[in-house]
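The structure appears right after this line, and notes come after that.
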Amino acid sequence: MSTRPVLILSAGMGAGHDRVAGELARRLTTMGIGAEVTDVLDLLPLRSGHGMRRGYGWTVRHAPWLYAGIYRVFFASPRAPAISPLTALVAARLEDLVRRRAPSALISTFHVAAQAAGHLRAHGRLPVPSLVMVTDFAVHGLWLHPGNDGHLCLTPAAVREVRAATGRPAWCHAPVVRPEFRRLRAAPALAPGGRPRVLVTAGSWGVGRVEETTRVLSDSGRYLPVVLCGANRRLRRSLDRTGGCVALGWREDVPELMAASYAVIDNASGLTCEEAVAAGVPVICYRPIPGHGLAGARAMARAGVGVHARDGAELLASLDRLRSPLERGRRLKRAGALFERRPVEDLLRCLLP
Numbered sequence: 006m007s008t009r010p011v012l013i014l015s016a017g018m019g020a021g022h023d024r025v026a027g028e029l030a031r032r033l034t035t036m037g038i039g040a041e042v043t044d045v046l047d048l049l050p051l052r053s054g055h056g057m058r059r060g061y062g063w064t065v066r067h068a069p070w071l072y073a074g075i076y077r078v079f080f081a082s083p084r085a086p087a088i089s090p091l092t093a094l095v096a097a098r099l100e101d102l103v104r105r106r107a108p109s110a111l112i113s114t115f116h117v118a119a120q121a122a123g124h125l126r127a128h129g130r131l132p133v134p135s136l137v138m139v140t141d142f143a144v145h146g147l148w149l150h151p152g153n154d155g156h157l158c159l160t161p162a163a164v165r166e167v168r169a170a171t172g173r174p175a176w177c178h179a180p181v182v183r184p185e186f187r188r189l190r191a192a193p194a195l196a197p198g199g200r201p202r203v204l205v206t207a208g209s210w211g212v213g214r215v216e217e218t219t220r221v222l223s224d225s226g227r228y229l230p231v232v233l234c235g236a237n238r239r240l241r242r243s244l245d246r247t248g249g250c251v252a253l254g255w256r257e258d259v260p261e262l263m264a265a266s267y268a269v270i271d272n273a274s275g276l277t278c279e280e281a282v283a284a285g286v287p288v289i290c291y292r293p294i295p296g297h298g299l300a301g302a303r304a305m306a307r308a309g310v311g312v313h314a315r316d317g318a319e320l321l322a323s324l325d326r327l328r329s330p331l332e333r334g335r336r337l338k339r340a341g342a343l344f345e346r347r348p349v350e351d352l353l354r355c356l357l358p
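Okay, so the sequence shown: first residue is 6 according to my numbering, each after it adds one.
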């Protein structure tokens with residue numbers, strides 16, 4: 006195996022892509038394979054990558070209908086352009102980076118990186134293998150540049166979709182989550198009054214219809230919502246004023262919080278759901294953010310990883326059913342099958358040069 010490091014391409018659009026990239030780098034390093042993580046948005050000139058992050062965050066918070074339209078046209082439409090001006094610009098900067106760093110291979114954990122690397126590889130401008138780690142349950146078109154040498158996917162359905170769309174190899178692997186989430190499984194704790202604690206997550210930015218979710222749980226009188234507000238201090242203050250829940254800011258003890266929860270309610274259908282499954286906690290997707298969140302919620306439900314509750318009554322009914330040990334065990338067994346698959350580092354041991 007090459008002594009040159011692997012270059013892992015991520016992007017700080019939320020925390021999920023970076024957490025996957027960081028854990029992958031840790032695992033490769035443990036295997037004796039050098040790994041470096043680069044944020045592809047930092048390759049853009051004039052701090053435009055920072056502007057993209059802020060623009061995406063604002064759109065998801067304040068104009069979700071706009072993001073839904075962008076996703077439908079540029080991510081999910083078969084008529085979307087093969088390469089955008091943004092991708093072409095990233096590709097040019099990435100080519101320079103590869104020339105300077107001389108990695109043994111590229112692994113993309115963000116779709117713009119996958120597009121840029123695939124573009125370079127298809128045009129003979131990338132001399133090393135390029136693999137794509139699809140971090141979403143739903144595979145949208147920007148993950149699927151056929152110039153890449155192969156794709157690493159979370160479910161067999163995603164593998165089939167990638168192979169059909171690209172004609173390239175694809176493999177299924179277990180989710181890449183930190184080992185702490187699998188070490189701390191515990192019996193769900195009850196809040197005062199005997200109400201089970203339900204962990205409500207809204208990503209690192211605290212976006213989505215979180216207050217509505219919290220109100221449904223609190224008003225039922227049956228569950229105590231514990232809300233992870235991420236970096237959204239305004240959301241935390243609002244929930245503190247409203248009451249009926251425990252509102253938390255940015256936390257480093259998420260594995261412990263999950264292990265002590267009756268269920269996790271998520272709205273992004275991403276890495277947090279995988280972490281909850283690893284911790285042995287049922288996942289319910291409710292009021293997912295538009296675009297990739299909604300697509301992911303549907304894909305997770307099809308794969309048996311979680312439940313997609315479409316309204317408050319369905320959310321509460323799904324939580325109530327978890328009181329049955331038989332139903333709870335059935336859901337956890339189906340979702341836990343994700344982790345019975347081959348670890349990604351075992352696959353990469355065979356795939357990397």
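Using N, Cα and C, we set each Cβ at its ideal position, and we do this for glycine too.
It should be emphasised that the depicted structure is a prediction, and the values quoted were computed from it without experimental measurement.
Residue environment, residue i, which counts as buried when at least 16 other CB atoms sit within 10 Å
i, result
"His55", "exposed"
"Thr277", "buried"
"Arg336", "buried"
"Trp70", "exposed"
"Ala107", "exposed"
"Cys355", "exposed"
"Arg92", "The amino acid occupying residue 92 in the given sequence is Thr; Arg does not appear at that position. Looking at its Cβ environment, which holds 16 or more other Cβ atoms inside 10 Å, Thr92 is buried."
"Leu51", "exposed"
Residue nearest to residue i in terms of C-alpha spacing, selected from the options
i, options, result
"Gly27", "Ser15, Ile38, Met57", "Ser15"
"Arg333", "Val282, Asp141, Ala121", "Val282"
"Val167", "Arg303, Val137, Leu222", "Val137"
"Arg256", "Gly248, Thr92, Val232, Ala314", "Val232"
"Ala73", "Ser243, Ala122, His297, Arg165", "His297"
"Leu240", "Pro260, Pro287, Pro174, Thr219", "Thr219"
"Ala163", "Thr140, Ala96, Pro184, Gly37", "Thr140"
"Gly39", "Pro348, Ala30, Glu216", "Ala30"
"Ala170", "Pro260, Pro293, Ser82, Leu353", "Ser82"
"Gly254", "Pro10, Arg242, Asn153", "Arg242"
"Arg58", "Leu46, Leu331, Leu244, Val203", "Leu46"
"Pro184", "Pro260, Ala118, Gln120", "Pro260"
"Arg130", "Asp271, Val144, Ala96, Gly341", "Ala96"
"Thr160", "Trp176, Gly146, Trp148, His150", "Trp176"
"Asp23", "Ile75, Arg105, His116", "His116"
"Leu352", "Cys234, His156, Tyr61", "His156"
"Gly21", "Pro10, Arg307, Asp44", "Asp44"
Contact set for residue i: own chain, Cβ-Cβ below 8 Å, skip 5 residues either direction
i, result
"Arg200", "Gly226, Arg227, Tyr228, Leu229"
"Met305", "Phe142, Ser274, Cys278, Val288, Cys290, Gly311, His313"
Own chain partners of residue i with C-beta closer than 6 Å, once the 5 adjacent residues on each side are dropped
i, result
"Arg187", "Ala283"
"Thr64", "Leu71, Tyr72"
"Val182", "Glu279, Glu280, Ala283"
"Arg66", "Val212"
"Ala302", "Ser274, Cys290, Pro293, His313"
"Ser113", "Leu14, Ala119, Ala122, Val137"
Residue i beta carbon near the ligand MN (any heavy atom closer than 8 Å)
i, result
"Asp271", "Annotation note on the ligand MN: not contained in the displayed structure, which lists no ligands."
Inter-residue CB distance, residue i and residue j (contact presumed, cutoff 8 Å)
i, j, result
"Ser266", "Gly249", "With 8 Å as the limit, Ser266 and Gly249 do not qualify as a contact, their Cβ atoms being about 17 Å apart."
"Ala268", "Leu324", "6 Å"
"Trp210", "Gly19", "6 Å"
"Ala179", "Pro348", "5 Å"
"Gly123", "Gly152", "3 Å"
"Ala236", "Leu244", "Not quite, the Cβ-Cβ distance comes to about 14 Å (not below 8 Å), so this is no contact."
"Asp271", "Thr206", "5 Å"
Contact with chain D by residue i, beta-carbon distance below 9 Å
i, result
"Ser223", "Within the model displayed, chain D is absent; a lone protein chain is all it includes."
Residues near residue i by beta carbon distance below 7 Å, same chain, minus five either side
i, result
"Leu94", "Leu49"
"Pro134", "Ala110, Asp154, Pro358"
"Thr34", "Ala40"
Whole runs of the alpha helix (DSSP H) within the region 170–256, excluding any shorter than 4 residues: Entirely contained in the region 170–256, the alpha helix (DSSP H) runs reaching 4 residues are, in chain order, 185–188, 215–225, 238–247.
Residue ranges of each beta strand (DSSP E) within the region 255–290, 3 or longer: Listed in chain order, the beta strand (DSSP E) runs fully inside the region 255–290 are 268–271, counting runs of at least 3 residues.
Complete beta strand (DSSP E) runs within the region 297–334 (minimum length 3 residues, chain order): 312–314
Completely contained alpha helix (DSSP H) runs for the region 6–59, where each covers 4 or more residues: Every unbroken stretch of the alpha helix (DSSP H) spanning 4 or more residues and falling wholly within the region 6–59 is given here in chain order: 21–35.
Complete runs of the alpha helix (DSSP H) confined to the region 101–176 [at least 4 residues]: 116–127, 161–171
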